[in-house]
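Q: Here the sequence shown stands for residues 4 to 498, numbered as in the numbering used here. All C-beta atoms in this analysis are idealised placements derived from N, C-alpha and C, irrespective of residue type, glycine included. Note that this is a predicted model, so its numbers are computed, not measured. Submitted below is the structure of interest, expressed as structure tokens.
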Amino acid sequence: MAWPTIIQGGMGVAISDWRLARSVAMSGQLGVVSGTGIAPVMIRRLMDGDPDGDTRRALAHFPDAPLVEQILAKYYLPEGRPEGMSYKTIVPYSLKPSPWLDGVTAAAAFVEVWLAKEGHDGLVGVNLLEKIQLPHCATLYGAMLAGVDYVLMGAGLPGQIPGILDRLATHSSVRYRVDVQGALPGEDYGITFDPAAVFPGLAERLGGLKRPHFLAIISTEVVAQALLKRAEGVIDGWVVEFPIAGGHNAPPRGQLKVDETGEPIYGERDEPDLEKLASFGKPYWLAGGFGSREGLVSARERGAVGVQVGTAFALCDESGMRPDLKQKLREMALSGEAPVRTSAFGSPTGFPFKVATVEGTVAEPEVYAARPRLCDMGFLRRIYRRDDGQVGYRCSAEPVADYVRKGGDEAQTEGRLCLCNHLMATVGGGQTRKDGYHELPIVTLGNDIACVLNYMSDSDTGYSARAVVAGILGETTSMAPSMPRVATVAETAGS
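So, in structure tokens, the structure goes:
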């Protein structure tokens with residue numbers, strides 16, 4: 004089989020939107036949309052008027068016309084939101100979601116993948132975080148209805164996903180086991196998604212769906228070996244993320260230690276044994292500091308099929324990041340600034356999370372301190388077992404008193420970021436509160452931000468996704484020859 008050489012990283016929320024994925028796919032590589040928070044992404048686009056008509060055009064192809072009519076009636080505002088109007092929110096997922104929530108989530112995933120695949124025969128994937136477990140099945144089903152080619156998942160052990168994909172391809176009911184804090188031995192919790200209940204008659208009309216390839220995002224061969232033992236179906240390959248990659252990183256193995264700046268310390272145990280990984284007989288791609296031609300050469304020398312690249316695509320013209328933030332970060336890269344640090348405790352998931360220090364974002368302590376603590380999107384809520392045997396939901400970024408009342412440890416709330424709201428603001432969908440407060444963004448990138456200099460000319464800081472693909476593959480691009488090539492972090496580390 005011909006595997007893609009370049010996988011465009013699936014960066015949420017909506018940084019890796021359909022425009023970016025489509026551009027990469029049309030360049031002959033694997034374009035990836037982010038499935039994180041996909042329902043609010045679609046809803047906010049509709050409430051902002053869907054000015055180019057893209058969302059409505061995709062919804063017109065969704066195979067449940069009555070649901071589409073309801074979605075448009077509820078959320079579409081032809082003139083966009085009036086000044087000061089809040090976005091409508093959708094009820095957060097629980098172990099027993101409504102058919103409406105599952106339906107809207109599936110429709111949103113369909114929209115993103117359908118638009119990414121429109122008008123070409125290139126490859127498109129969808130990326131999810133295992134930590135955000137409850138929307139998985141509905142999101143995957145919607146993506147499969149649109150013909151998604153690959154599913155990628157990290158931030159946990161996604162061993163259930165291959166079997167879920169097998170069953171969804173036949174429109175069968177699926178159950179996803181979920182993590183519950185405080186669960187007693189023998190207790191089993193899960194969420195069920197039944198396509199026939201959410202979309203009656205759809206299976207009979209459509210027939211079987213294509214089962215996409217599944218790539219597990221891992222940090223070491225130890226994780227890969229564990230997944231091979233536990234996986235409930237076929238894992239087609241691995242994406243090996245090094246700690247300098249953006250977004251969530253795997254925590255260091257063993258007891259967490261931090262340096263004087265509060266960043267987690269990684270050691271030799273965190274280095275993947277690629278020879279051992281290769282012995283498993285599956286293709287793998289390297290990620291984190293490989294966003295250049297030399298990075299690709301280095302990865303291939305280490306047995307990889309290719310590379311996954313995030314940061315260079317995150318700052319290209321087609322990404323979903325707000326243009327003003329992209330411009331600031333490009334200028335910082337040009338001036339030699341290195342604004343990215345790893346926050347050991349910022350993410351409510353408990354995983355380390357890369358944060359870029361940019362003016363006007365919640366990476367600035369005073370901006371963070373001025374935000375009222377609340378949790379109204381709920382994607383990073385953790386499920387916990389209550390004393391009565393029922394389950395509850397809590398997030399370490401919610402109001403401290405609420406978190407403690409639900410049995411949470413107050414120490415875990417310190418410095419926590421509301422990634423749901425902040426990342427939505429990073430793509431221009433920040434909530435406007437009734438009291439006038441506007442949610443502000445947070446930017447996550449890899450440590451190798453300087454790699455973007457390989458794709459910018461000295462006269463214009465803009466660059467395209469196609470330029471990134473061409474540059475990594477060593478093809479001719481429009482990049483000005485006067486711009487010096489910048490080594491990736493992986494190269495300077497001696498990879």
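Quick check on the burial criterion: 16 or more other C-beta atoms within 10 angstroms. Buried or exposed for residue 35?
A: Residue 35 should be labelled buried.
Q: Count the other CB atoms within 10 Å of the CB of residue 338; is the residue buried (16 or more) or exposed (fewer)?
A: Exposed is the call here.
Q: Using 10 angstroms around the beta-carbon of residue 180, count the other beta-carbons present and answer buried if the total reaches 16, otherwise exposed.
A: So residue 180 ends up on the exposed side.
Q: Is the Cβ-Cβ distance between residue 345 and residue 266 less than 8 angstroms?
A: Yes, Cβ-Cβ distance for residue 345 and residue 266 is below 8 angstroms.
Q: Does the distance from the C-beta atom of residue 143 to that of residue 110 stay below 8 angstroms?
A: Taking 8 angstroms as the Cβ cut-off, residue 143 and residue 110 do not qualify as a contacting pair.
Q: Taking DSSP as the reference, what is the three-state secondary structure of residue 174?
A: Coil.
Q: If you draw a straight line from the alpha carbon of residue 496 to that of residue 293, how long is it in whole angstroms?
A: Per-residue confidence for residue 496 stands at a pLDDT of 41, beneath the threshold of 50, marking its modelled position as unreliable; the derived number appears in the next sentence. Between residue 496 and residue 293, the C-alpha separation is close to 11 angstroms.
Q: Would you mind giving the Cβ-Cβ distance between residue 333 and residue 455, rounded to the nearest angstrom? I have them listed as a contact below 8 angstroms.
A: Rounded, the Cβ-Cβ distance is 6 angstroms, consistent with contact.
Q: Tell me where the beta strand (DSSP E) around residue 157 begins and ends.
A: Its beta strand (DSSP E) spans residues 153-157.
Q: Below 8 angstroms between beta carbons: does that hold for residue 423 and residue 382?
A: Contact: yes.
Q: So what's residue 311 in DSSP terms, helix, strand or just coil?
A: In this structure, residue 311 counts as strand in the three-state DSSP scheme.
Q: Report all residues from its chain with a CB closer than 8 angstroms to the CB of residue 437; omit the five preceding and five following residues, and keep chain order.
A: Cβ within range, chain order: 89.
Q: Determine the direct distance from the alpha carbon of residue 9 to that of residue 23, and round the result to whole angstroms.
A: Distance between the alpha carbons of residue 23 and residue 9 is about 14 angstroms.
Q: In whole angstroms, what is the alpha-carbon distance linking residue 139 and residue 69?
A: Straight-line Cα distance between these residues: approximately 23 angstroms.
Q: Excluding five sequence neighbours on each side, which residues of the same chain lie with their C-beta closer than 8 angstroms to the C-beta of residue 481?
A: Reliability of the predicted coordinates at residue 481 is poor, the pLDDT of 41 falling under 50, and no value is obtained from them.
Q: Rounded to the nearest angstrom, what separates residue 499 and residue 312 at their Cα positions?
A: This structure does not reach residue 499, given that the chain is present from 4 up to 498, and the question cannot be answered.
Q: Name the DSSP beta bridge partners of residue 261, please?
A: Beta-bridge pairing links residue 261 to 267.
Q: Measure from the alpha carbon of residue 73 to the alpha carbon of each residue in 59, 82, 285, then state which is nearest.
A: The candidate whose alpha carbon is nearest that of residue 73 is 59.
Q: Where does residue 429 fall in DSSP's three states?
A: In this structure, residue 429 counts as helix in the three-state DSSP scheme.
Q: Do you know offhand how far residue 248's Cα is from residue 194's?
A: Roughly 31 angstroms between the two C-alpha positions.
Q: Assign residue 478 to buried or exposed, taking buried as 16 or more other Cβ atoms, counted over all protein chains shown, within 10 Å of its Cβ.
A: Exposed.
Q: When burial is assigned at 16 or more other CB atoms within 10 Å of the CB, is residue 446 buried or exposed?
A: So residue 446 counts as buried.
Q: Can you name, in chain order, every residue of its own chain whose Cβ lies under 8 angstroms from the Cβ of residue 494, other than the five neighbours on each side?
A: Bear in mind that the predicted position of residue 494 carries a pLDDT of just 44, short of 50, making it unreliable; the figure below should be weighed with that in mind. Closer than 8 angstroms at Cβ, skipping near neighbours: 292, 295, 297, 298, 301.
Q: What is the DSSP secondary structure of residue 52, reduced to helix, strand or coil?
A: If DSSP states are grouped into helix, strand and coil, residue 52 belongs with coil.
Q: Taking 8 angstroms as the threshold (C-beta atoms), are residue 354 and residue 417 in contact?
A: Going by C-beta atoms, residue 417 is not nearer than 8 angstroms to residue 354.
Q: Quick check on residue 92: buried or exposed, where buried means 16 or more other Cβ atoms within 10 Å of its Cβ?
A: Exposed: under 16 other Cβ atoms inside 10 Å.
Q: Does DSSP put residue 443 in a helix, a strand or coil?
A: Coil, per DSSP.
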